[in-house]
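First comes the structure, then the notes that go with it.
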Amino acid sequence: MPLESALVWTPVALSADLPVASVIPARLADAALAVWRAQDGTVSAVADRCPHRGMRLSHGFVRGEALSCIYHGWRYGKSGRCLAIPAHPALTPPETIRVATYRAAERDGIIWVTASQEAGAVPAHDGFLGLRSVTVAASPARLAASLGGTLDGSVIDGTIGGVTARLLLAPSGEEGVLLVHLLIASGAADAGKIAASRALEGLRRQAETATITGEAA
């Protein structure tokens with residue numbers, strides 16, 4: 001089963017990577033997203049394309065509770081509706097001007113997005129905290145083998161840098177490349193966090209080298 005088919009909620013970023021009043025690009029299997037955090041701390045996800053001229057909204061900026069396109073400043077609220085058009089300050093934008101929205105949620109320091117209105121509860125990863133995210137040009141099986149961990153759908157459990165770890169896998173938008181979020185045991189000391197982060201770089205090189213050389217997983 002393709003990775004994206006196994007995901008209803010997709011882990012698109014770590015909470016720490018999205019400060020208040022900021023926006024970042026993200027990805028579902030078949031959609032480019034702009035994920036943004038309003039001044040009140042809530043996270044929203046929208047299609048990464050301004051309806052006006054097609055500029056990426058992930059290049060935009062957040063002011064208060066709205067996301068603005070960097071090109072002509074069109075402002076969008078959490079519902080996706082256009083709130084204001086700076087070139088026409090007296091105009092109330094019609095309801096039809098809006099950007100597609102996706103369900104977004106946070107849990108255990110992870111930002112999740114889904115395109116499904118029927119998606120259930122956001123996955124729980126109690127006892128872990130998000131450390132960092134990287135892309136890896138390898139299959140889930142190859143990555144699990146390189147770690148010496150166990151693969152269950154889009155989750156790999158194992159030990160990295162001497163620390164209990166969990167890898168959450170998601171589509172990166174590039175064929176053959178995974179977005180990998182490293183979670184480690186929440187009680188890990190600072191030295192363990194540093195060791196795990198460094199070990200992740202070694203794991204990536206090992207998995208990608210094995211992919212190139214065709215080593216058995």
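Each residue of the sequence shown is one higher than the one before, counting from 1 in the UniProt record's numbering.
The beta carbon of each residue, even a glycine, is placed where N, CA and C say it ideally should be.
| Asked | Found |
| --- | --- |
| CA-to-CA distance, C82 to T96, given in whole angstroms | 9 Å |
| Touch test, the segment 60 to 79 against the segment 134 to 151, Cβ-Cβ under 8 Å, three pairs minimum | no |
| C-beta atoms of G161 and A199 nearer than 8 Å | yes |
| Between the CA atoms of A185 and L129 - distance to the nearest angstrom | 6 Å |
| Whole runs of the beta strand (DSSP E) within the segment 147 to 201, excluding any shorter than 3 residues | 150 to 152, 155 to 160, 163 to 171, 178 to 185 |
| Cβ-based neighbour list, S44, same chain, cut-off 6 Å, excluding 5 preceding and 5 following | W36, K78, A104 |
| Residue span of the beta strand (DSSP E) that contains V12, given as start and end | 10 to 14 |
| Inter-residue Cα distance where the pair is L169 and A210 | 18 Å |
| Collapsed DSSP secondary structure at L18 in the structure displayed | coil |
| Validate contact between the segment 19 to 38 and the segment 121 to 140 using beta carbons, cut 8 Å, 3 pairs | no |
| Minimum C-alpha distance to V23 - residue among S68, A195, L7 | S68 |
| Closest by C-alpha distance to H52, when choosing among V134, A121, E106, P93 | P93 |
| Buried versus exposed, by CB contacts within 10 Å (16 or more), L182 | buried |
| Inter-residue spacing [alpha-carbon to alpha-carbon] between L179 and V8 | 16 Å |
| Opposing strand residues paired with E106 [DSSP bridges] | I111 |
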